[in-house]
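What follows is a short report on a single structure.
Number of protein chains: 2
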Amino acid sequence: MSTDVTYERLREDVLAGRFPAGSRLLETTLAAEYGVSRTPIREALTRLTQDGLLERASRGYRVRAGTAQDILEIYEARIALEGQASASAAERRTDLDLARLHHLHDTATDPAADPATARAANSQWHHALWQAAHNGTIEALLTRLTAQLRIYDHGRHETPEDLALTRDEHSRMLHAIEARDPAEARAASDQHLGRSREIRLAAFARTTPVEPAW
Amino acid sequence: MSTDVTYERLREDVLAGRFPAGSRLLETTLAAEYGVSRTPIREALTRLTQDGLLERASRGYRVRAGTAQDILEIYEARIALEGQASASAAERRTDLDLARLHHLHDTATDPAADPATARAANSQWHHALWQAAHNGTIEALLTRLTAQLRIYDHGRHETPEDLALTRDEHSRMLHAIEARDPAEARAASDQHLGRSREIRLAAFARTTPVEPAW
DNA sequence: TAAAGTCTTTCTGTATACACGCGGATCCAG
DNA sequence: CTGGATCCGCGTGTATACAGAAAGACTTTA
Chain Z
1 MSTDVTYERL REDVLAGRFP AGSRLLETTL AAEYGVSRTP IREALTRLTQ DGLLERASRG
61 YRVRAGTAQD ILEIYEARIA LEGQASASAA ERRTDLDLAR LHHLHDTATD PAADPATARA
121 ANSQWHHALW QAAHNGTIEA LLTRLTAQLR IYDHGRHETP EDLALTRDEH SRMLHAIEAR
181 DPAEARAASD QHLGRSREIR LAAFARTTPV EPAW
Chain X
215 MSTDVTYERL REDVLAGRFP AGSRLLETTL AAEYGVSRTP IREALTRLTQ DGLLERASRG
275 YRVRAGTAQD ILEIYEARIA LEGQASASAA ERRTDLDLAR LHHLHDTATD PAADPATARA
335 ANSQWHHALW QAAHNGTIEA LLTRLTAQLR IYDHGRHETP EDLALTRDEH SRMLHAIEAR
395 DPAEARAASD QHLGRSREIR LAAFARTTPV EPAW
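Listed in order, the protein sequences are those of chains Z and X.
Position 106, counted from 1, in the first sequence is what the working numbering calls 106; the numbers after and before it change by one each time, with no gaps.
Position 57, counted from 1, in the second sequence is what the working numbering calls 271; the numbers after and before it change by one each time, with no gaps.
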């Protein structure tokens, strides 16, 4: 019962940026901190390493310090996979998938919603899209890749213009999927994610000094 | 020293089909079999599960029994990623990358080579292609996906016509990469993998009864 | 004062112990 | 003979013990 819970907790803490950049994650320390033995901690750490969220250090582990190059790599993979997922969704979506996408899209674009809610809805919208592709393999890969991207997101926040663009691009993808037009869905996905990549790169450039201290 | 070695050994044994289909992999049994304690076995099993090679059973683990649906899913992901990798390789390949690809291609197409050597060279050729894309993320994902496909390959063997077609398709990809033509490289990759998928599906249909016994 | 070597401390890797839980087998009843 | 309940054994989950290795500090020497 403890190992899965521990994994989830540790994962949340990593993704929420609760570990100072560059700090060492030690099995012994974490075991005491989470009130379990080293065994579940060990398993959680290896899983998180395989998820690409942590990396081994000389003594323990550390949160993976991403480079701009990593962002480019991850996006190249994500664009390829999510483009395919969008095309597949256009071909294989059920009416229920479509209703889900519409609902989340409406939630995200509700002018009365606060930014946090809108952001969560946008994130869930992507998940719903992957589900609509009816390919569990691709869905799992995309879940992993976007989790890796979240590491770069600490302290980032969208501007209203970003949100408006996101809304329009999601809208274009949604219409293509509704119309069962795979090529258009893929093109819309590529456009959306290409812009998303630029935003993340810009945010990264803004927050990262030219020459890291280490 | 033991855990990585154990993981490699176990992985090889799984991929080589040394565990009877549907048989249970038990920590205790494997620990005795490999002459180590349960701890390294545990870690190897969780990693292999995350690799998509094993799945949990009620008591232990079992080699993932793949369905035709799984093959289609994996190929959909692989085609998307390897198409992107081919395009990226066309853009970013170094002369060393190109030399590697040529060398392996020559080895694979050497009429004096035995089938096993040619097969190994073809497999290495794909690895070299992924490297030439200079995207470690995509390379890692493709490595995992093709490992999953190997589970379906037991007792499969290419016909001479397959090998000839593979040679021609690799050749087309190689020329596109050499000529730095991303679109052509992607198209050639799609064609190659699309045919590869059909071959695997046909082999699967041939070896799998319509209604499984379980 | 700086460099090199040693020593201590600490963390990991592996093994093992112990308890819980699930599954199968056996036995009883209908 | 079949359905169900109970009991036993095996395997996993978690904790812990122990040894080996590596990093850092301290000492010694040039």
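Glycine included, every Cβ here is placed at the ideal spot set by N, Cα and C.
If we count the other Cβ atoms within 10 Å of its Cβ and call it buried at 16 or more, is V277 (chain X) buried or exposed?
As a working note, residue 277 (chain X) is residue 63 in the second sequence. V277 (chain X) comes out buried.
Is V277 (chain X) helix, strand or coil by DSSP?
Position 63 of the second sequence holds residue 277 (chain X). In this structure, V277 (chain X) counts as strand in the three-state DSSP scheme.
Can you give me the C-alpha to C-alpha distance between I177 (chain Z) and T94 (chain Z), rounded to a whole angstrom?
As a working mapping, residue 177 (chain Z) is identified with position 177 in the first sequence. As a working mapping, residue 94 (chain Z) is identified with position 94 in the first sequence. Taking the straight line joining both Cα atoms gives about 10 Å.
Rounded separation between A438 (chain X) and S251 (chain X) - CA only
Past the edges of chain X, shown from 215 to 428, lies residue 438 (chain X), and the structure says nothing about it.
Need the endpoints of the beta strand (DSSP E) that L26 (chain Z) sits in, please.
Counted from its first residue, the first sequence places residue 26 (chain Z) at position 26. Taken as a continuous stretch (DSSP letters only), L26 (chain Z) belongs to no beta strand (DSSP E), as it is neither H nor E.
What does the Cβ neighbour count give for T6 (chain Z), buried or exposed, with the cut at 16 atoms within 10 Å?
Counting from 1 along the first sequence, the entry for residue 6 (chain Z) is found at position 6. It counts as buried.
Proximity of A108 (chain Z) and W125 (chain Z) at Cβ, strictly below 8 Å
Here residue 108 (chain Z) refers to the residue found at position 108 when the first sequence is read from its first residue. Here residue 125 (chain Z) refers to the residue found at position 125 when the first sequence is read from its first residue. Yes. Within cutoff.
Beta-carbon proximity list for S2 (chain Z), same chain, < 8 Å, skipping 5 on both sides
On the first sequence, residue 2 (chain Z) is found 2 positions in, with the first residue counted as 1. Cβ neighbours of S2 (chain Z) beyond the five flanking positions: V36 and P40.
Please report how far the alpha carbon of H127 (chain Z) lies from the alpha carbon of L104 (chain Z), in whole angstroms.
Walking along the first sequence from the start, residue 127 (chain Z) turns up at place 127. Walking along the first sequence from the start, residue 104 (chain Z) turns up at place 104. About 10 Å.
Is the segment 283 to 301 of chain X touching the segment 75 to 91 of chain Z, taking contact as three or more C-beta pairs under 8 Å?
Because the criterion of three Cβ pairs below 8 Å is met, the segment 283 to 301 of chain X and the segment 75 to 91 of chain Z touch.
Pairwise C-alpha distance: A77 (chain Z) and A183 (chain Z):
On the first sequence, position 183 is the one that residue 183 (chain Z) refers to. On the first sequence, position 77 is the one that residue 77 (chain Z) refers to. One C-alpha to the other measures close to 19 Å.
Report all residues from its chain with a CB closer than 6 Å to the CB of E33 (chain Z); omit the five preceding and five following residues, and keep chain order.
Numbered from 1 along the first sequence, position 33 holds the residue referred to as residue 33 (chain Z). Excluding sequence neighbours, E33 (chain Z) sits near nothing in its chain.
Check L359 (chain X) in the structure and name its three-state DSSP category.
Residue numbering aside, residue 359 (chain X) sits at position 145 when the second sequence is read from its first letter. L359 (chain X): helix per DSSP, three-state reduction.
Report the rounded CA-to-CA distance for R195 (chain Z) versus Y75 (chain Z), giving the unit in angstroms.
Here the question's residue 195 (chain Z) lines up with position 195 in the first sequence. Here the question's residue 75 (chain Z) lines up with position 75 in the first sequence. Taking the straight line joining both Cα atoms gives about 11 Å.
For the segment 331 to 363 of chain X, which residues have a CB atom closer than 7 Å to at least one CB atom of chain Z, in sequence order?
N349, G350, T351, I352 and L355
Close Cβ partners of W428 (chain X) (< 6 Å) along its chain, the five nearest in sequence each way excluded:
Translated into the one-based positions of the second sequence, residue 428 (chain X) becomes position 214. Below a pLDDT of 50, predicted positions are generally treated as unreliable, and W428 (chain X), at 41, falls in that range; the measurement from the model is reported next regardless. No residues qualify anywhere along the chain.
Taking 8 Å as the cut-off, does the segment 265 to 277 of chain X touch the segment 53 to 69 of chain Z (at least 3 CB pairs, one atom from each stretch)?
No: the two stretches stay apart, fewer than three of their Cβ pairs being nearer than 8 Å.
Looking at the unbroken alpha helix (DSSP H) that takes in E198 (chain Z), where does it start and where does it end?
Numbered from 1 along the first sequence, position 198 holds the residue referred to as residue 198 (chain Z). Element bounds for E198 (chain Z): P182 to T207.
Run the CB neighbour count on A164 (chain Z), radius 10 Å, all protein chains shown included, and call it buried at 16 or more, exposed below.
On the first sequence, residue 164 (chain Z) is found 164 positions in, with the first residue counted as 1. The C-beta of A164 (chain Z) has fewer than 16 other C-beta atoms within 10 Å across all chains shown, which makes the residue exposed.
In angstroms with no decimal places, state the Cα-to-Cα distance between L98 (chain Z) and A179 (chain Z).
Mapped onto the first sequence, residue 98 (chain Z) falls at position 98. Mapped onto the first sequence, residue 179 (chain Z) falls at position 179. If I take the Cα positions, the gap works out to 10 Å.
What separation, rounded to the nearest whole angstrom, lies between the Cα atoms of N135 (chain Z) and A185 (chain Z)?
If you number the first sequence from 1, residue 135 (chain Z) lands on position 135. If you number the first sequence from 1, residue 185 (chain Z) lands on position 185. Rounded to whole angstroms, N135 (chain Z) to A185 (chain Z) spans 16 Å at the Cα level.
Assuming L53 (chain Z) is part of the alpha helix (DSSP H), what are its boundary residues?
On the first sequence, position 53 is the one that residue 53 (chain Z) refers to. That residue, L53 (chain Z), is in no alpha helix (DSSP H); it is neither H nor E in DSSP.
Please check if any C-beta of chain X sits within less than 8 Å of the C-beta of S88 (chain Z).
One-based indexing of the first sequence puts residue 88 (chain Z) at position 88. For S88 (chain Z), the answer is yes, since a Cβ of chain X falls inside 8 Å of its Cβ.
Within chain X, partners of I74 (chain Z) - CB distance below 7 Å:
Within the first sequence, the letter at position 74 stands for residue 74 (chain Z). Those within 7 Å of I74 (chain Z) in chain X are T351.
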